[in-house]
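J.: Taking my numbering, the leading residue of the sequence shown gets 9, the next gets one more, and so forth.
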Amino acid sequence: MHWAAAVRSRCGWTRRGKPWAPRCSRLKSKPMILLSNRQGRLLELTLNRPEKRNALNAELCRELVQALEQADADPATNAVLLTANGKSFCAGMDLSQDPSGLAEIHNRLFTLGARTGKPLVAAVQGAALAGGTGLVANAHVAIAAEEATFGLTEIRIGLWPFLIFRAVAAAIGERRALELSLTGRTIGAAEAQAWGLVHQVVPAPELVGRARELALGIASASPAAIQAGLAYLRDARVLGWEEAGRLAAQAREAIFGSAEFQEKVRALLTKRPPPA
């Protein structure tokens with residue numbers, strides 16, 4: 009390759025056909041703050057701001073919301089695994105940025121667990137504070153490393169966890185969420201498991217492997233049944249007891265009539281492998 013062409017391909021600048029590369033080092037691509045990887049029907053998303061303890065700046069919030077909403081609409085995705093690089097899962101909001109004007113994207117992010125039809129599994133190491141706890145509460149299944157810590161620490165800076173409170177209260181109960189909000193204290197993985205915020209606690213070296221194994225299992229289950237179940241949970245929250253019961257009966261009848269359900273039942277009764 010001609011040297012000028014080589015410079016042009018690396019730096020993207022030429023002047024009248026002559027190479028012009030004053031500082032190619034300045035043109036290094038910006039690191040990706042959200043990584044993605046696909047394994048079959050499982051989409052794995054990884055928070056990638058380890059030097060900032062994966063704090064949620066505006067860009068990361070928007071990329072995460074976009075990725076999760078796209079996964080929700082993608083028929084090739086049956087489940088999502090959320091992991092994080094570095095020592096911390098997520099330290100909450102990036103306080104080096106002005107958070108004004110971000111309420112809409114934050115609200116979309118911290119209500120995704122209640123809105124999505126695709127199961128979200130979280131693998132949590134280190135600190136998961138404030139918005140980090142909000143992400144965990146929005147996951148349908150959460151696995152934590154033994155040293156993980158959680159908390160609604162916003163009160164320490166004169167703030168209330170307005171946008172994450174509903175999800176956290178749904179996960180652990182309103183009174184527990186209120187106590188964490190008022191005190192700003194942190195809790196360990198064992199207490200988080202006892203409260204229902206996380207489902208399993210494992211040694212740190214096993215965290216991602218165990219979470220990925222679990223998420224792959226969920227991704228291999230019937231997407232129609234899971235989506236119907238998550239839709240029922242979403243809709244039943246705003247219904248009375250009797251109405252929720254009628255909705256459950258309707259949803260079950262729809263599953264009974266599906267070709268997938270009938271074929272899997274036939275496979276079970278005839279002791280042959282179920283359809284993929």
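Just so you know, even glycine gets a beta-carbon here, dropped at the ideal spot from N, CA and C.
All values reported here derive from a predicted model rather than from experimental measurement.
Is it true that the CB of residue 145 sits closer than 8 Å to the CB of residue 165?
T.: no
J.: Take the Cβ of residue 30 as the centre, count every other Cβ of all protein chains shown within 10 Å, and call the residue buried at 16 or more, exposed below.
T.: Annotation note: pLDDT 43 at residue 30 (below 50); position unreliable, no value reported.
J.: Taking all protein chains shown into account, do 16 or more other C-beta atoms lie within 10 angstroms of the C-beta of residue 197, making it buried, or fewer, making it exposed?
T.: Classification of residue 197: buried, given that the 10 Å Cβ count is 16 or more.
J.: Going by beta carbon distance, what residues of the same chain come within less than 8 Å of residue 42, once the five residues before and after it are set aside?
T.: Counting only residues of its own chain and dropping the five nearest sequence neighbours on each side, residue 42 has a CB closer than 8 Å to the CB of 53, 54, 55, 56, 68, 71, 72 and 75.
J.: Kindly indicate which residue of 282, 203, 48 and 158 has the alpha-carbon position closest to the one of residue 193.
T.: 158
J.: Taking 8 Å as the cut-off, decide whether the C-beta atoms of residue 100 and residue 64 are in contact.
T.: Yes, these two residues count as a Cβ contact at 8 Å.
J.: Which residue marks the beginning of the alpha helix (DSSP H) containing residue 143, and which one marks its end?
T.: 139–146
J.: For residue 223 versus residue 89, is the C-beta distance shorter than 8 Å?
T.: For the 8 Å CB-CB criterion, residue 223 and residue 89 form a contact.
J.: Buried or exposed, going by whether 16 or more other CB atoms sit within 10 Å of the CB of residue 267?
T.: exposed
J.: Identify, in the order they occur along the chain, each residue of the same chain with its Cβ nearer than 7 Å to the Cβ of residue 209, setting aside the five sequence neighbours on each side.
T.: 152, 154, 197, 198 and 201
J.: Distance, Cα to Cα, residue 62 vs residue 244?
T.: The C-alpha of residue 244 is placed about 34 Å away from the C-alpha of residue 62.
J.: Assuming residue 156 contacts residue 136 (C-beta within less than 8 Å), just tell me the rounded distance between them.
T.: 6 Å
J.: With DSSP run on the structure shown, which of helix, strand or coil describes residue 115?
T.: Of the three classes helix, strand and coil, the one that applies to residue 115 here is helix, per DSSP.
J.: I'd like the list of long-range same chain contacts for residue 242, defined as Cβ closer than 8 Å, with 5 residues on each side in sequence excluded.
T.: The answer, listed in chain order, is 122 and 123.
J.: Could you give the distance in angstroms between the alpha-carbon of residue 260 and the alpha-carbon of residue 239?
T.: 12 Å
J.: Any heavy atom of the ligand ADP inside 7 Å of the beta-carbon of residue 141?
T.: Among the components modelled here there is no ligand, and therefore nothing to report on the ligand ADP.
J.: Give me the residue from 207, 227, 127 and 134 with the minimum Cα distance to residue 49.
T.: 227
J.: Taking C-beta to C-beta, are residue 87 and residue 129 nearer than 8 Å?
T.: yes
J.: Starting from residue 67 and walking both ways along the alpha helix (DSSP H), at which residues does that stretch end?
T.: 66–81
J.: Which one or two residues does DSSP pair with residue 128 in a beta bridge?
T.: DSSP lists 88 as partners of residue 128.
J.: My guess is that residue 163 and residue 120 are in contact by the Cβ rule of under 8 Å, so how many angstroms apart are they, rounded?
T.: Between residue 163 and residue 120 the beta-carbon gap is near 24 Å, outside 8 Å, which marks them as no contact.
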